[in-house]
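Worksheet for the structure shown next.
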Amino acid sequence: MSSSSDSPSTPPSPNTTTSTRRIIYKVYGVANKVQAITAVSFTTFAVMHGLQIATGAFFGVEDADQTLLLTRPIYQDAHLEGVIVTGSLVWHVVAGMAKSTIQYCLNMNDDNNNNNNNSKNNSSNDKKQLGVLPYHDLTGQLLVPLAAGHYYLARGMPLKTMGDSAFVDFGIIAWGLQNRRVITWGWHAALIGVGVYHMVGGAQLAFSRTFRRGRRKGAAAEQKQKEQQSTTTGAGDEGGLLKSVTITHGLVVGISTVLLMGLVATSRVGKIPMRREYQEIYSHLLPGWII
Numbered sequence: 001m002s003s004s005s006d007s008p009s010t011p012p013s014p015n016t017t018t019s020t021r022r023i024i025y026k027v028y029g030v031a032n033k034v035q036a037i038t039a040v041s042f043t044t045f046a047v048m049h050g051l052q053i054a055t056g057a058f059f060g061v062e063d064a065d066q067t068l069l070l071t072r073p074i075y076q077d078a079h080l081e082g083v084i085v086t087g088s089l090v091w092h093v094v095a096g097m098a099k100s101t102i103q104y105c106l107n108m109n110d111d112n113n114n115n116n117n118n119s120k121n122n123s124s125n126d127k128k129q130l131g132v133l134p135y136h137d138l139t140g141q142l143l144v145p146l147a148a149g150h151y152y153l154a155r156g157m158p159l160k161t162m163g164d165s166a167f168v169d170f171g172i173i174a175w176g177l178q179n180r181r182v183i184t185w186g187w188h189a190a191l192i193g194v195g196v197y198h199m200v201g202g203a204q205l206a207f208s209r210t211f212r213r214g215r216r217k218g219a220a221a222e223q224k225q226k227e228q229q230s231t232t233t234g235a236g237d238e239g240g241l242l243k244s245v246t247i248t249h250g251l252v253v254g255i256s257t258v259l260l261m262g263l264v265a266t267s268r269v270g271k272i273p274m275r276r277e278y279q280e281i282y283s284h285l286l287p288g289w290i291i
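Residue numbering for the sequence shown follows our numbering, starting at 1 and increasing by one per position.
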């Protein structure tokens with residue numbers, strides 16, 4: 001999920017024409033919108049998948065497999081999978097790269113520009129008010145390979161080796177946790193931690209950008225009101241920011257804990273009916289010396 005403002009915070013260099021500047025701002029705004037919409041879309045899938053893991057934490061892996069059977073047809077549908085899973089992830093990354101390129105070209109990070117510094121401070125306050133945590137962009141970059149690797153393990157490899165993945169259950173993760181402990185535990189613990197931090201930390205911002213209405217119309221009035229309030233209620237604003245970030249941190253810790261409990265429950269599965277098939281998948285993915 002993006003943590004940038006709606007348009008570049010620094011105008012282009014003096015030799016950039018007004019029309020070019022408007023086009024650049026328009027492209028940046030479109031990229032912002034795309035990133036927010038795709039974040040909401042992918043979050044829909046993540047919530048369903050997270051509920052499966054949470055079911056395993058509280059009720060056991062057998063119930064988690066039943067939940068998997070009920071919800072998987074939704075996000076592995078021939079049409080929906082390309083929208084809420086792979087499509088949303090790809091376009092989220094593309095939009096982020098487009099925004100980063102625009103920011104770089106416009107020298108938005110030039111610390112010698114006072115206007116840019118002021119705008120960055122205002123943008124930072126907006127992010128905090130919406131519960132966006134530090135290192136949001138970094139965790140997003142880390143999340144891409146972690147999520148792609150898990151998708152390839154649980155979806156891509158079964159399709160490649162067995163022709164289908166509809167019968168894959170939590171046993172594919174359980175086998176790895178029991179037999180390729182270091183890489184499987186490390187990978188999925190990191191996926192949970194980084195994924196929850198990034199998605200929870202940017203959820204409010206993404207939903208705000210996706211579903212807001214009439215905000216542009218009153219933008220000037222809102223900004224004026226904020227400036228007036230900042231002169232009289234600075235301490236209250238700081239308290240509100242702290243409360244928002246604290247709540248977000250609490251959600252990250254709570255959700256991560258539940259999902260890690262689900263991972264532990266998965267690792268304790270006694271019998272894995274498709275253990276030979278899963279062993280073959282891991283042997284294709286990982287060298288034999290990896291533990």
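Where a beta carbon is used, it is the ideal one built from N, C-alpha and C, also for glycine. Just so you know, these numbers come straight off a predicted model, no measurement behind them.
Within 9 Å, strictly: CB atoms of residue i and residue j
| i | j | result |
| --- | --- | --- |
| Ala-95 | Asn-32 | yes |
| Leu-133 | Trp-187 | no |
| Arg-155 | Gln-52 | no |
| Asp-164 | Leu-68 | no |
| Thr-248 | Gln-204 | yes |
| Thr-161 | Glu-277 | yes |
| Thr-210 | Ile-37 | yes |
| Ala-78 | Tyr-28 | no |
| Leu-242 | Leu-153 | no |
| Thr-20 | Ala-206 | no |
| Val-93 | Val-144 | yes |
| Gly-195 | Ala-46 | yes |
| His-198 | Thr-139 | yes |
| Met-48 | Thr-18 | no |
Cα-Cα separation, residue i to residue j
| i | j | result |
| --- | --- | --- |
| Lys-271 | Gln-279 | 14 Å |
| Val-252 | Asp-137 | 16 Å |
| Val-34 | Tyr-25 | 14 Å |
| Arg-22 | Asp-65 | 51 Å |
| Met-261 | Ala-54 | 8 Å |
| Leu-142 | Gly-149 | 11 Å |
| Ile-192 | Asp-63 | 20 Å |
| Ser-244 | Gly-202 | 12 Å |
| Val-182 | Tyr-151 | 19 Å |
Bounding residues of the alpha helix (DSSP H) (the contiguous stretch that carries residue i)
| i | result |
| --- | --- |
| Ser-41 | 18 to 59 |
| Val-83 | From DSSP, Val-83 is part of no alpha helix (DSSP H); its letter is neither H nor E. |
| Phe-167 | Where Phe-167 is concerned, there is no enclosing alpha helix (DSSP H), given that its DSSP letter is neither H nor E. |
| Leu-285 | 275 to 285 |
| Asp-138 | A small fix is needed here, since residue 138 is Leu in this sequence, not Asp. Taken as a continuous stretch (DSSP letters only), the alpha helix (DSSP H) holding Leu-138 covers 136 to 151. |
| Arg-209 | 181 to 211 |
| Leu-303 | Outside the displayed span of the chain (1 to 291) sits residue 303, for which this structure offers no information. |
Residue burial classification, residue i (beta-carbon count within 10 angstroms, cutoff 16)
| i | result |
| --- | --- |
| Lys-224 | Caution is warranted here: a pLDDT of 47 is assigned to Lys-224, below 50, making its placement in the model unreliable, and no coordinate value can be reported. |
| Ile-281 | buried |
| Gly-158 | Inspection of the sequence shows that residue 158 is occupied by Pro rather than by Gly. By the neighbour-count rule (16 or more Cβ atoms within 10 Å), Pro-158 is buried. |
| Ala-166 | exposed |
| Val-269 | buried |
| Ser-41 | buried |
Cutoff 9 Å: residue i Cβ touching any chain D Cβ
| i | result |
| --- | --- |
| Phe-211 | The structure shown contains no chain D; it holds only a single protein chain. |
| request: Would you check if there are 3 or more beta carbon pairs closer than 8 Å linking the stretch 249 to 267 to the stretch 49 to 66? | output: yes
| task | Taking 8 Å as the threshold, find out whether the stretch 250 to 261 comes into contact with the stretch 173 to 187 through three or more Cβ pairs. | result | no
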